[in-house]
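Position 154 (the sequence shown) corresponds to 154 in the working numbering; numbering is contiguous.
C-beta atoms are modelled at their ideal positions from N, C-alpha and C, and glycine is treated no differently.
Predicted, not measured: the structure shown is a model, and the values here were computed from it.
Written out below as C-alpha cells is the structure these notes cover.
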Amino acid sequence: MKKILPSLVFLSCAFCSFAQQESYTPAQSNLQMREWFQNNKFGMFIHWGLYSILGDAEWVMNNENIKVNDYAKLEDFFNPVYFNAHDWVAQAKQAGMKYITLVTRHHDGFSMWNTKYSDYNIMHTPFHRDIVKEMADECHKQGIKIFFYYSLLDWRRTDYSYGTGRTGQGTGRTVRGNWNDYIQFMKNQLTELLTNYGTVSGIWFDGYWDQMAPEAKNRKDSTFVDWHIRELYDLIHRLQPQCMVGDNHHLSPLAGEDFQMFERDIPGQNKSGLSFQKISQLPLETCATLNDSWGFNIKDDNYKTLKEFVDLLVGAAGSNANLLMNIGPMPNGKIAEPFKEKLDSMGVWMKTYGESIYGTRGGYLPLQKWGAITQKGNKIYVHILHHIGAGITLEDFPFSKITKAYLLKDKSPVIIKKVGKELTFDSYNSTPADPDVVIVIEGK
Ligand code: GLC
C-alpha cells in the first residue's frame, strides 16, 4: 500500500478536475436524503452470501484460488433455515441503527435476489427465497432505510475483464467475454434492484479499485477500463432520484456521487492505509467491522468492546461522518451471539447518549486526544473518551454566552470557566461500562 500512496494522492487531484468537468445536480429529494443520512448517523452493514458457508470471510474465493466450478458447489449448500428478516431488522433498530446496507452481490458474483440476469442467484439454492426482498420489505415495514451494496468487480463472469484486474486471477477462467456485455449486465441488475424493491436509499459500490478507469493512466500497478460509471450513476438517479450513490474507490468523489465513504477509517485518519483521499463536502461515512471480518469468519473472535464501538461512533460523529458497522451472519441465518450482545449494549448506550449523536454535525474542533465534539443548535456536546489528567481547555469556543453546562447522563451541573474565548473544565474518567462522559454546553 505504502508504495502506491504518492501516485494515488496525485490521482485524487486528477480525479477532482475530471469530476468538475462532468457536472451533476442532485435532485431535491436526493438533497433531502443526504440531510436524513447525516442526521441519522448510524447504520448496519451486512455481509452475507455463499462465502459464509466456508467460514473464511468474503474474499475466500480469491484467497484460496477456488475455481468458479468448485465455488459454485456452495450454491447447493446454502439453506439458512434460521434466517428471519424481521429479527435482523429489529436487531439493527434495537442497536439504534437507522439504516441497513445489505450486500446484494459481492465479488464472488452471487446474487442474493431473484435476478433474471444471472442463474447464479438465491433462487437456485435450496433456500429459494429472495433475501433482498425480505430484507427490503422488512426495513420498509420497520421504518429502517435500506441501502444496497453492489460489487462492480466479479471473480466469476468471463465478461468481467479478468486477467487485467488485480484480483480473482486464480478462479480458473480461460476465455474472455465482452466488457460491454458486463456493463449492460450491471445496468440490468441495478434496474431490477431499483425497480422491484421499493424505495432504495442508496447504492454502495465496491470493487472499482480492481481496475482503474482511464483517467488514472499514471497508475503503474493496474490496468484501465471504462467503467461507464457515470452511466450507472445516472441510471440510478433516473430510476430513483433520492437514491444516494457512493463508491468505495478510495479516491476523491466522482461526479454523480452523493456520499463519500472511508473504509475502516474515521475521515482524516487513514489508519487502515485505504483512506488517503481528500475529505469532500459530501455526507461522509466510515465503515467498520464489529470483529475483524466483513463476511462470517469462524476463527474471528476479536469482537470490539463497547468502549471501542462507542469510540468509533463518537469519533465518526465528531468528524461529521456516519458509522456503518458491519456484522457477518452465519450460513444458518443466525447472527452470532457476540454480535448481538455488542449491538444490544450499544442500543442501551444510545438510549442515554443518542441525543449527542443523532441530528448533530461534527464539532467546531477536530478530534482531540481526549475525545470529540458534536453539536446541534444551541448545544455543544463534549465527549470525553480518554482521561488526560488535569483539565480540558477548549479554544475559540463559539458561544459568547453560556446558559448551562451539565453531564448528559444525569443532568448534574459541570463547573466551567470561560476567559475570553477559552473554556476550561475538569476532565472526567470514563469506565468500560460508561465509556464516554458527555458534557452538554448550552448557549449561543
Ligand atoms: C473491501 C473489500 C470487501 C468489503 C468492503 C467493505 O472493499 O473488498 O470485501 O466488502 O471492503 O468496505
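- Spanning the alpha carbons of I357 and S430 requires a straight line of approximately 18 Å.
- In chain order, K41, A317, T374, Q375, K376 and Y381 place their CB closer than 8 Å to the CB of T360, counting only its own chain and leaving out the 5 sequence neighbours on each side.
- At least one heavy atom of the ligand GLC falls within 6 Å of the beta-carbon of E263.
- Per DSSP, the beta-bridge partners of A321 are L284.
- About 19 Å separates the beta carbons of S400 and Y406, which is beyond the 8 Å limit, so they are not a contact pair.
- H250 is positioned such that its CB atom lies closer than 7 Å to that of Q277.
- 7 Å or more divides the Cβ of Q260 from the Cβ of S275.
- Residue environment for H86: exposed (fewer than 16 other C-beta atoms within 10 angstroms of its C-beta).
- If you look at L423, you'll find it in the beta strand (DSSP E) that goes E422 to D426.
- Using a cutoff of 6 Å, the CB of C287 counts as near the ligand GLC, since one of the ligand's heavy atoms is closer than that.
- Comparing alpha carbon positions, the residue from Q368, D396 and M44 closest to S427 is Q368.
- Burial state of D410 is exposed, judged by a 10 Å Cβ sphere holding fewer than 16 other Cβ atoms.
- Residues of the same chain with a CB within less than 6 Å of the CB of Y182, apart from the 5 flanking positions on each side, are D159 and Y160 in chain order.
- In the DSSP annotation of this structure, the continuous segment of the beta strand (DSSP E) that includes Q375 starts and ends at G371 to K376.
- Under the three-state reduction of DSSP output, G391 falls in the strand class.
- Counting only the Cα atoms, R105 lies some 13 Å from W59.
- Comparing alpha carbon positions, the residue from P241, N79 and V103 closest to R129 is N79.
- Scanning E257, Q242 and L385 for the CA closest to the CA of Q28 turns up Q242.
- Excluding the 5 residues flanking it on each side, H386 has same chain C-beta neighbours closer than 8 Å at K369, W370, G371 and S430, in chain order.
- In the DSSP secondary-structure assignment, M97 is not bridged to any residue.
- Comparing alpha carbon positions, the residue from F185, Q94 and P331 closest to G109 is F185.
- Secondary structure note for F397: it is in no beta strand (DSSP E), with a DSSP letter that is neither H nor E.
- Looking only at I416, G207 and Y99, the smallest Cα-Cα distance to M244 is reached by Y99.
- Assignment of N114 by DSSP, reduced to helix, strand and coil, places it in the coil class.
- The C-beta distance from W294 to N326 rounds to 6 Å, short enough to meet the 8 Å contact threshold.
- In the DSSP assignment, I380 falls within the beta strand (DSSP E) that extends over K379 to I384.
- The ligand GLC approaches D206 closely enough that one of its heavy atoms is under 6 Å from the residue's Cβ.
- For D247, the enclosing beta strand (DSSP E) covers residues M244 to D247.
- The segment 297-307 makes contact with the segment 44-62; the number of CB pairs closer than 8 Å reaches 3 or more.
- Contact annotation, E395 with E422: C-beta distance approximately 6 Å; criterion of less than 8 Å satisfied.
- Between the ligand GLC and the CB of E58, the shortest heavy atom gap is smaller than 6 Å.
- In this structure, W349 has its CB at a distance of at least 6 Å from all heavy atoms of the ligand GLC.
- Excluding the 5 residues flanking it on each side, L50 has same chain C-beta neighbours closer than 7 Å at L74, E75, F78, D108 and F110, in chain order.
- Cβ-Cβ separation between E285 and A321: approximately 6 Å, consistent with a contact (criterion under 8 Å).
- Within the same chain, and ignoring the five residues on either side of W209 in sequence, the residues whose Cβ sits closer than 7 Å to its Cβ are H249 and H250.
- Here F296 carries a coil assignment [DSSP, helix/strand/coil].
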